[in-house]
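Peer 1: The structure is given below, and queries will be raised subsequently.
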Amino acid sequence: MIYLYRIYQCIIMVPLIIVATIITALLTIIGSLLGGGKWWGYYPEILWSRIFCWLAFVKVKVSGRENIDPSTSYVFVCNHQGAYDIFAIYGYLGHNFRWMMKASLRKIPFVGLACECARQIYVDKSSPSALRRTMERAENQLRGGMSLVVFPEGARTPDGRMHRFRRGAFLLADEFKLPVVPVTIDGSFSVMPRAARLPLPGTIRITIHKPITPPKGGYDMERLMERSASEIASALPPLAR
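So in our numbering the end of the sequence shown lands on 225, straight run, no missing numbers.
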């Protein structure tokens, strides 16, 4: 059966995904250049992400949407199990946001330019001044219900387990006084782990936890990171924690 699935992927799924990606990127570029970046930088990508899931026979189930308000800006922090985390979050989170992305992703044909036009936030760590500009771009974006999604592990897990969080996303939340929303992604390691080139059918479960609101004196950074990691781990099976 797996051989038939791989043949289907090569003949049907991959060509359709390439076409969908090019069309979505062009729509995003044109729409954003015409001044509609907030809309064109999010809604076409929802359909694009769902196409990735539909064509791969990947189901996404979401719980906890009632915990977030569409008019509030958040910093969403998610564990990073596999490549399909991006499509699951983009397609099914249900809240307008921008990604905090590695600067190297700007080099991807069509997609890199589309992300730049849509004002995704590329992280430039080449110098203190470049990092400061990254922070300024983030601050300009995080207004009027626009949120930010970050994978604080920094990279996809190599073994299916959640790894140590980095401080960047939490420092942003503290500086801009934004609530942090822990989000658990479970199942995408089975769909497409770090070493895989093509996905397998499966189910990805997204759990949106209650926001952690900033206290008056600012966050206690260590406690914030520990609490976020604990919340995310609470919705994972023991072997993935």
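Positions of the beta carbon are idealized from the N, C-alpha and C atoms, including for glycine.
Please read these numbers as outputs of a predicted model, since none were measured by experiment.
(1) Using the Cα positions of Tyr58 and Leu(-12), report the straight-line distance between them to the nearest angstrom.
(2) So what's Lys45 in DSSP terms, helix, strand or just coil?
(3) Near Lys45, which residues of its chain fall below 8 Å by C-beta distance, leaving aside the five closest residues on each side in sequence?
(4) Am I right that Ile30 and Gly75 are in contact with their C-beta atoms under 8 Å? What's the rounded C-beta distance?
(5) Taking all protein chains shown into account, do 16 or more other C-beta atoms lie within 10 angstroms of the C-beta of Glu210, making it buried, or fewer, making it exposed?
(6) Relative to the alpha-carbon of Ala180, which residue among Cys101, Asp204, Pro142 and Ile196 has its alpha-carbon at the smallest distance?
(7) Starting from the C-beta of Val95, find all residues in its chain whose C-beta is less than 6 Å away, skip the five residues before and the five after it, and write them out in chain order.
(8) The alpha helix (DSSP H) that contains Pro166, what's its start and end?
(9) DSSP three-state call for Thr56: helix, strand or coil?
(10) In or out: Val3 buried (at least 16 other Cβ within 10 Å) or exposed?
(11) Exposed or buried, Cys(-6), counting other C-beta atoms within 10 Å across all chains shown (16 or more means buried)?
(12) Please name the residue in Thr56, Ile52 and Gly15 whose C-alpha comes closest to that of Arg103.
(13) Please classify Glu159 as buried or exposed, where buried requires at least 16 neighbouring CB atoms within 10 angstroms.
Peer 2: In brief:
(1) A direct Cα-Cα distance of roughly 43 Å separates Tyr58 from Leu(-12).
(2) In this structure, Lys45 counts as strand in the three-state DSSP scheme.
(3) Cβ within range, chain order: Thr187, Ile188, Arg189 and Ile190.
(4) Rounded, the Cβ-Cβ distance is 5 Å, consistent with contact.
(5) Result: exposed.
(6) Checked all of Cys101, Asp204, Pro142 and Ile196; the closest Cα to Ala180 is Pro142.
(7) Only Ala9 meet the Cβ criterion.
(8) Annotation: Pro166 is outside any alpha helix (DSSP H); the continuous beta strand (DSSP E) that includes it extends over Val164 to Asp170.
(9) In this structure, Thr56 counts as coil in the three-state DSSP scheme.
(10) Val3 comes out exposed.
(11) Its Cβ having fewer than 16 others within 10 Å, Cys(-6) is exposed.
(12) With distances taken between Cα atoms, Arg103 lies closest to Gly15.
(13) Exposed: under 16 other Cβ atoms inside 10 Å.
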